[in-house]
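Notes for the one structure printed next.
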Amino acid sequence: MSNKEVKTALKSARDAIRNKEYKEALKHCKAVLKQEKNNYNAWVFIGLAAAELEQPDQAKGAYKKAIELEPNQLLAWQGLANLYEKPNQIDVKGDLADVYQKLLELYESGDKQKWCDVCNKLVELYHQEKKYLEVAETWQKLIQMKQEEGAEKAELHQLWKKMIHLLKDSTRNQDNKTGLLLLTAFEHALHSADTVPGEDHQNLYKDFIECLSKFPHEVARLEKACHDMMDLYPTVSYPLEVLCLHFVQSGTLSENALHCFSRLLEMDASSGPGIIGFGIKCLKEKKYKEAVKSLSEGLQKTNQCPAAWHYLAEAQMKIHEHRKAVLSCNQALEALGIPEGPNLRWKNLALQLKAETLIKIADADAAEEALKALEQIIDASSDPVVSALRGQAYLNKGLMDQASKISQELLLSHPDLAEAHALEGFIHYSQKNYEQAEKSFLNAIERKAGTAEYHQYLGLTYWFMSDETKKDKGKALTQFLKAAKLDSYLGSAFCYLGNYYRDIARDKSRACGCFKKAFELDETDEESGAAAVNLSVELGDMDTALSILNEVTEKARPGTAKWAWLHRGLYYLRTGQPSQAVADLQAALRADPKDSNCWESLGEAYLNRGSYSTALKSFRKASELNPGLVYSIYRAAALEQILGKYENAIATYQQILKKAENYVPALKG
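Each residue of the sequence shown is one higher than the one before, counting from 391 in our numbering.
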C-alpha cells in the first residue's frame, strides 16, 4: 500500500466514523496498520471506533499505543479522556486525573478556553474523591491563569467564592496546607467584593470567621478577623459572639475577654455567649449561685460549648450540687465528641471534675463511676492528684487494701502533696484510728490550708476521738468554724456546728441558727431540718418551725419527706387541728408504712376527729407492728368499748393486764 493509498484509507476511516459505520472504519484502519504498524491516526481511529462499539479494552489499548507513538499529540489524550468519562467506566478516576493533567500541559501554551474546561473537570473529579488539597491547588492555578489574562475583579471574586464552596467540607479532616489555601481564598474573596459593607460581604465574613474558629492554630487570625468585622459592622453581634466563645474555650479570662463579654451583653442582653461569659466572671469572683444561674441560662441558648459546661459543673460543685455537676460534666464530654488539640485538655479536666464530684456523693456506685472516669484521663498515671482521687474512690467502694497501697506510694513519691496526706487521713478516719487521722489531716492542712474538707474532717476526728477533744473549743469547734468560713456552702459543717452548740455548749438559739443554715444549703439533710424544727419549738418560735415544715412539704414528692409530714402532723395534733393532722400523718405513712408510732399518732388524730372506726384500725395496726405499744392496745380496747363491742374490749383489756397487771387505765376500762 502506497502513501497515497494509506491517506485514502485513513480518509475512508474518518468518513465511516462520521457516518457511524464503526466496523467499516476498523477495517480501513487495520488495512493501514498492515502497511504502517506505527500509524498514529490509525490507532486513534481504532480507539474511537472501538469505544463506540462498546469495546473499551480495545479502545484503551489503541489510544495508549497512539500515545506511546506520539506522547505530545492531543488527539489520543482527548480520545482517552472521552473514553474514561463514559458512565460505564469503573475504577478509572485515577487514570482520568492523569489524562486531564496531561491535557492541561498540552493546552497551556495554546487554547486557554479548553485549558479552563479541562481544569474545571479535573477539580470536579478531585472534589468527588474528597482530594481537597488537589482541588485547592488546581483551582488556584485556574485563578492564576485568569489573572494573567486580565480577568475582571467581579469574575475573580466569583472564582474565589467557588474555591471556598469547593473546600467548605475540608475543615472536617483538613491538613494544614489545604486549610491555609481555604483561608487565603476567603481573604481574596473578601478583598475582591464589590459592595463593602454589604449583605453578601457580611455573610462571607461570617463564614470566614466560622471557618477560622475550626483552626486551633489560627488564634491571632481569628481575633483580627473578628475585630475587623466589628469595625465594618458595629451593630452585628456575630463576630463578638465568636470572640467571646473563643475566650471561653481558651480558658483565659483576660481584661480583653471581660471587655468583650460586657460589650456583647450591652449589644444583646439575651446573647448566649455573653451570658456564659458573665457566668464565668461570677465563678471567678466566687459568686457561685449567680454563676450557676448565668451559665445555665447561657447554655440553653449556646449548648455546644464544652468549656462552659465544665465551668457550670465547677460552679455546681462549689455549692455542693453534686449530682447536677456530674450531669454537666457529661454534657461537656458529649459536646467534645472525639477531641483533639486543645480540646483534649478540656476532656481531661471534665473527667477529673466528674470523678471528684462522684467521690463527694460517697456511695459505692458513684465510686465505681468515678474510677471509670479516671481511667479515661490521658496520662493519668503520671498525675499524683488523679492517683489520690483513685485512692478515695477505692475507699468509698470499701476496697481498703487498694486505697492504702495508693496512699503509701504517694507519701513516698510525693511527700509534700496535701492530697496524699488527706487520703491517708480519710483511711485512718474510716478505720476509727483518730490519733493517726489527726496527724494526717494536720499535715494536709499545713500544705493546703484553704481546703474546707480537711478542716471539717479534722473537726470530726476530734469530735469522735474523745469527750475532751469534743468539748475542747480549740479542737472540734475551731475546725468546724474554719470549714464553714472557707466554704460557706458546706451544709454539713453548719450541721456539725449545730450539734456542738446544742449538745456541748447548750446554746439552743445558736444551734437552731446553724441547723437552719445547714438545711437551707442542703434540703436533703433531714437531720438538720428536724433539729431546726425541734429547737424552734423548744424556743417557742412556732412560726419558724412551721415555715420550714411548710416549705419542705410543698416541694415534697409523694412518699418522701416523712420527717416533715410527721412533725407537722404532731403539731396539728397538739394544737387541736385533727383533720390537718390526719392528712399529714397519712402522708408520713406513705413514706414509711411500717412506723408503729406514726400509726399510733394517726389513731389519736382520728379519735380526736371522732372517726372511731378508722381510729380503731390505726391503733390495731400500730400494735400489730409493735406489740409493745401498750397505749395503742389500750386505745383499741377503749374504742371497742365505745363502739359497743364489749366482749372484744374485755379480752383486749385482759391482754394488757397480762403484760402490765397494774396498768390503771386498763383496770378502769
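Built from N, CA and C at the ideal position, the CB exists for glycine as well.
- From the listed residues G781, S803 and G888, the smallest Cα separation to S794 is found for G781.
- According to the DSSP assignment, C419 belongs to the alpha helix (DSSP H) that extends over Y412 to Q425.
- In the three-state DSSP reduction, Q798 falls in the helix class (H, G or I).
- Straight across, the Cα-Cα distance linking H636 with S603 is about 8 Å.
- Distance from P968 to A995 at the Cβ level is roughly 5 Å; contact confirmed, criterion being Cβ atoms closer than 8 Å.
- Three or more pairs of CB atoms, one per stretch, sit closer than 8 Å, so the stretch 426–436 contacts the stretch 392–406.
- A contact between stretches requires three or more CB pairs, one per stretch, nearer than 8 Å, and the stretch 415–430 meets this requirement with the stretch 456–467.
- Put simply, the backbone Cα of K502 is about 20 Å away from that of L515.
- DSSP places V482 in the coil class of the three-state scheme, outside both helix and strand.
- Annotated three-state conformation of R404 is helix, per DSSP.
- Contact annotation, P732 with T692: C-beta distance approximately 18 Å; criterion of less than 8 Å not satisfied.
- One thing to note: F831 has its Cβ within 8 Å of the Cβ of T851.
- A direct Cα-to-Cα measurement between K410 and G451 gives close to 21 Å.
- Apart from the 5 residues on each side of it in sequence, S686 sits with its Cβ closer than 7 Å to the Cβ of L702 in its chain, given in chain order.
- Setting aside the 5 residues that flank it on each side, R653 is surrounded in the same chain by L630, each with a C-beta closer than 7 Å to its C-beta; the list follows chain order.
- For I436, the secondary structure class from DSSP, reduced to helix, strand or coil, is helix.
- If only uninterrupted alpha helix (DSSP H) runs of at least 4 residues are considered, those enclosed by the stretch 625–697 are 628–640, 645–657, 662–674 and 678–691.
- Assignment of P968 by DSSP, reduced to helix, strand and coil, places it in the helix class.
- Contact annotation, A920 with G881: C-beta distance approximately 14 Å; criterion of less than 8 Å not satisfied.
- Here Q766 carries a coil assignment [DSSP, helix/strand/coil].
- Taken through DSSP and simplified to helix, strand or coil, R713 comes out as helix.
- Taking L557 as the centre and dropping the five residues before and after it, the same chain places the C-beta of Y522, V525, A526, T568, L571, L572 and A575 closer than 8 Å to its C-beta, in chain order.
- Per DSSP, reduced to three states, the secondary structure at Y852 is helical.
- Straight-line spacing of the CA atoms in Y595 and Q518 works out to 27 Å.
- The Cβ neighbour count for K455, taken over all protein chains shown within 10 Å, is at least 16; the residue is labelled buried.
- As the crow flies, the alpha-carbon of V482 is around 10 Å from that of L473.
- Of the candidates M855, A697, K744 and Q742, the residue whose Cα lies closest to the Cα of L726 is A697.
- Take A487, set aside five residues on each side of it, and the residues of its chain with a beta-carbon closer than 6 Å to its own are L515, in chain order.
- Nearest in C-alpha terms to A579, of all of N566, L622 and I533, is I533.
- Per DSSP, the continuous alpha helix (DSSP H) segment holding L571 begins and ends at N566 to H581.
- Its Cα nearest to that of L867, the residue W853 stands out among W853, K413, L997 and K476.
- Bounds of any alpha helix (DSSP H) do not take in Y879, whose DSSP letter is neither H nor E.
- For Q592, the enclosing alpha helix (DSSP H) begins and ends at E589 to L602.
- Shown here for L648: same chain residues with a beta carbon closer than 7 Å to its own, the five before and five after excluded, namely K671 in chain order.
- Taking the Cα of G840 as reference, the smallest distance to any Cα among A808, K863 and K860 is reached at A808.
- In the three-state DSSP reduction, P774 falls in the helix class (H, G or I).
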